[in-house]
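Undergrad: There's a structure below that I have some questions on.
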Amino acid sequence: MSHNPIFRFTVKRRFKIILLLATLAFTLHVNAAATFLTGCFPVKGDVKVTLNDELSSAMNYAGNTISPLNNYMIPAEPQPAQCSSCPGLRSTDKENMYSYRATPLMAGSTPGYGKLTDKLDIQLTLFTDTVAGGGTLTKLTTYPITAPPTSTFEGTNDESTQSLCAKSPAAGVPQRTFNWNKLTASIHIVQPIFGTELIPTQTLAETSLCIFYGTGSCSFANAQLASRMTISGSLSAPLSCTINAGSIINVDFNSVASSNFVAQGQPPVGFALRDVDINFHCDNPASDNTDKIKLTLTSDQGVSDTGTGYIAKMMGRDDIGVRMYDSNNLNVALDGSMEFPIKLDGNGDGHILMSAAPVATTSAQPAPGKFEGNVTVRMDIK
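Taking mature numbering (1 follows the signal peptide of the UniProt record, and there is no 0), I'd label the letters of the sequence shown as residues -32 to -1, 1 to 350.
Spelled out as structure tokens, the structure:
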């Protein structure tokens, strides 16, 4: 009888120890540290944004902000996750997913914007994975971002429904796919566009994804590049220059004696060159874009000296033509091959002063009579 209490005590204590160990083992499993999945995107998402838009004159001014891409879904193929390393992952596990957004765009001249071109800044608002709905927005207000300090929750993934691993823990479970192909782009006009502003192909943003199961948290160091978004295209503005207010520039040579034409291709003896003042006006945006404007002169009837293009043909005459000279008395080609520099004042006004004279196209004196011809002054946007 005296041994019974000791026996009961020993059994009870052993029961407590076993129960404690079982509870401890259960707790350790539930509170396991985060396990990260890696090698998940051997093929990166390729999202190509093409922007081709035209600005009206009412929109084309410095300081204006436009949104040509607003909640825009770019056509792009979703990419499956094919994680090569999924240590200890079971079909009953759920993964947490967090995305990080980086951008190589340099800081623009506009606060909170990145530099797209010398005349355009851009601000990006990016959406979460559109396969899962794409309902969460991330606005980028710092440029560049090489190591994003914050992340966006992309939801959880149930391995029993869709797998993130190349070798799924559960046979027959489809792969989880992703697509980061939705954005809003606000473009700030730093300088007005004149003609076409080309947007060279460049990376807008990169999405990296951190995937883990268990408890813990992500950092950018645990994320892997999953998708890259690029942009290319152009923004254009309509031509807005006029020459001589749209009127014809008339040059009258008056009467010239045929006997004064003594040398082929040269003005008559004693002839005073006639001024040809070409005035033009461009809307204000053009005053900062003179490098994109070219001015050429082309004889409507062609030229009689095909080698140099200096002598404009006249209508119905092959014995007389017209030559033109610049302000330095140098020859001007009239076959459209010579480009003239354009200078505009603050009001968008400018002019080029030239001169003109009739010349004989052969060694013989031209026949008496009227002669007339046309030369077209053309301004083009490069």
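Virtual Cβ for every residue (Gly too), placed ideally from N, Cα, C.
Given the structure is predicted, the values throughout are model-derived calculations rather than measurements.
Would you report the Cα separation of Lys338 and Ala325, rounded to the nearest angstrom?
TA: Position 370 of the sequence shown holds residue 338. Position 357 of the sequence shown holds residue 325. Approximately 15 angstroms between the Cα atoms of the pair.
Undergrad: Can you list, in chain order, the residues of its chain whose CB lies under 6 angstroms from that of Thr210, leaving out five sequence neighbours each side?
TA: Within the sequence shown, the letter at position 242 stands for residue 210. Correct list, in chain order: His249.
Undergrad: Would you kindly work out how many angstroms separate the C-alpha atoms of Gly7 and Pro48, rounded to a whole number?
TA: Taking the first residue of the sequence shown as 1, we reach residue 7 at position 39. Taking the first residue of the sequence shown as 1, we reach residue 48 at position 80. Computed Cα separation, rounded: 12 angstroms.
Undergrad: Mark Gln234 as exposed unless 16 or more other C-beta atoms lie within 10 angstroms of its C-beta, in which case mark it buried.
TA: By 1-based counting over the sequence shown, the position of residue 234 is 266. Around the beta-carbon of Gln234, fewer than 16 other beta-carbon atoms lie within 10 Å, marking it exposed.
Undergrad: For Lys135, which three-state DSSP category applies?
TA: On the sequence shown, residue 135 is found 167 positions in, with the first residue counted as 1. DSSP places Lys135 in coil when its eight states are reduced to three.
Undergrad: Check whether the region 269 to 279 and the region 187 to 206 are in contact - that is, three or more C-beta pairs closer than 8 angstroms.
TA: As far as the Cβ criterion goes, the region 269 to 279 does not touch the region 187 to 206, which means the pair count is below three.
Undergrad: Please confirm if the region 142 to 161 is in contact with the region 23 to 41, defined as three or more CB-CB distances below 8 angstroms between the two stretches.
TA: yes
Undergrad: Apart from the five residues on each side of it in sequence, which residues of its chain come closer than 8 angstroms, Cβ to Cβ, to Ala(-8)?
TA: Taking the sequence shown and counting its residues from 1, the one referred to as residue -8 is at position 25. Caution applies to Ala(-8), whose pLDDT of 38 falls short of 50 and renders its modelled position unreliable; the value that the coordinates give is listed next. Around Ala(-8): no qualifying Cβ.
Undergrad: I'd like to check one pair, Gly316 with Asp251: are the Cβ atoms closer than 7 angstroms?
TA: Locating residue 251 in the sequence shown gives position 283, where the first residue counts as 1. Locating residue 316 in the sequence shown gives position 348, where the first residue counts as 1. At a Cβ-Cβ threshold of 7 angstroms, Asp251 and Gly316 count as neighbours.
Undergrad: DSSP has Ala153 in a bridge; who is on the other side?
TA: Within the sequence shown, residue 153 is the residue found at index 185, counting from 1. Its beta-bridge partners are Leu37, Leu92.
Undergrad: Using only CA atoms, which one of Ser204, Asn147, Ser131 lies nearest to Gln50?
TA: For this step, residue 50 is matched to residue 82 along the sequence shown. Closest option to Gln50, Cα to Cα, is Ser131.
Undergrad: Taking only the alpha-carbon atoms, compute the straight-line gap between Ser227 and Gln333 and give it to the nearest angstrom.
TA: On the sequence shown, position 259 is the one that residue 227 refers to. On the sequence shown, position 365 is the one that residue 333 refers to. The alpha-carbon atoms of Ser227 and Gln333 are separated by roughly 7 angstroms.
Undergrad: Determine the direct distance from the alpha carbon of Asp259 to that of Ser204, and round the result to whole angstroms.
TA: As a position in the sequence shown, residue 204 is number 236, starting the count at 1. As a position in the sequence shown, residue 259 is number 291, starting the count at 1. Going by the C-alpha atoms only, they are around 16 angstroms apart.
Undergrad: Looking only at C-alpha atoms, which of Leu321, Asp273, Pro236, Thr71 sits nearest to Pro112?
TA: What you label residue 112 is simply residue 144 of the sequence shown in a count that begins at 1. When each option's Cα is compared against that of Pro112, the closest is Thr71.
Undergrad: Closer than 8 angstroms by C-beta to Leu108: which residues in its own chain qualify, once you throw out the five before and the five after it? Chain order, please.
TA: Taking the sequence shown and counting its residues from 1, one reaches residue 108 at position 140. Contacts found: Arg69, Thr71, Gly82, Gln91, Leu92, Thr93, Leu94, Ala173.
Undergrad: Do you know offhand how far Lys(-17)'s Cα is from Lys135's?
TA: Residue numbering aside, residue -17 sits at position 16 when the sequence shown is read from its first letter. Residue numbering aside, residue 135 sits at position 167 when the sequence shown is read from its first letter. Legend: pLDDT at Lys(-17) = 45, less than 50; position of this residue unreliable, value from coordinates given subsequently. When rounded, the distance between both Cα atoms is 42 angstroms.
Undergrad: Using 10 angstroms around the beta-carbon of Ala328, count the other beta-carbons present and answer buried if the total reaches 16, otherwise exposed.
TA: The residue given as residue 328 occupies position 360 in the sequence shown. Buried, since its Cβ has 16 or more Cβ neighbours within 10 Å.
Undergrad: Terminal residues of the continuous beta strand (DSSP E) containing Lys338?
TA: Within the sequence shown, numbered from 1, the residue matching residue 338 stands at position 370. Lys338 -> no beta strand (DSSP E), and no H or E assigned at all.
Undergrad: Just grab the DSSP bridge partners of Phe308 for me.
TA: Taking the first residue of the sequence shown as position 1, residue 308 is located at position 340. The partner list for Phe308 (beta bridge, DSSP) reads Leu263.
Undergrad: So, at 6 angstroms on beta carbons, what are the nonlocal neighbours of Asn39 in its own chain, with the 5 sequence-adjacent residues on each side left out?
TA: By 1-based counting over the sequence shown, the position of residue 39 is 71. Within its own chain, the residues whose Cβ lies closer than 6 angstroms to the Cβ of Asn39, once the five positions on either side in sequence are excluded, are Thr152, listed in chain order.
Undergrad: Between the region 98 to 107 and the region 116 to 131, do three or more beta carbon pairs fall short of 8 angstroms?
TA: Output reads yes: the region 116 to 131 touches the region 98 to 107.
Undergrad: Can you tell me which of the three DSSP states Phe188 falls into?
TA: Along the sequence shown, one-based indexing puts residue 188 at 220. Helix at Phe188.
Undergrad: Can you find the residues in the same chain that come closer than 7 angstroms, C-beta to C-beta, to Gly182, ignoring five residues on each side of it along the sequence?
TA: Numbered from 1 along the sequence shown, position 214 holds the residue referred to as residue 182. Taken in chain order, the residues that qualify are Ala(-1), Ala1, Ala2, Thr3.
Undergrad: Starting from Phe180 and walking both ways along the beta strand (DSSP E), at which residues does that stretch end?
TA: Taking the sequence shown and counting its residues from 1, one reaches residue 180 at position 212. Phe180 -> beta strand (DSSP E) spans 163 to 181.
Undergrad: What do you get for Met283, buried or exposed, if any count of 16 or more other CB atoms within 10 angstroms of its CB means buried?
TA: Stepping through the sequence shown from its first residue, residue 283 is reached at position 315. Label assigned to Met283: exposed.
Undergrad: Quick check on Asn342: buried or exposed, where buried means 16 or more other Cβ atoms within 10 Å of its Cβ?
TA: As a first step, residue 342 is located in the sequence shown; it is residue number 374 there, counting from the start. It counts as exposed.
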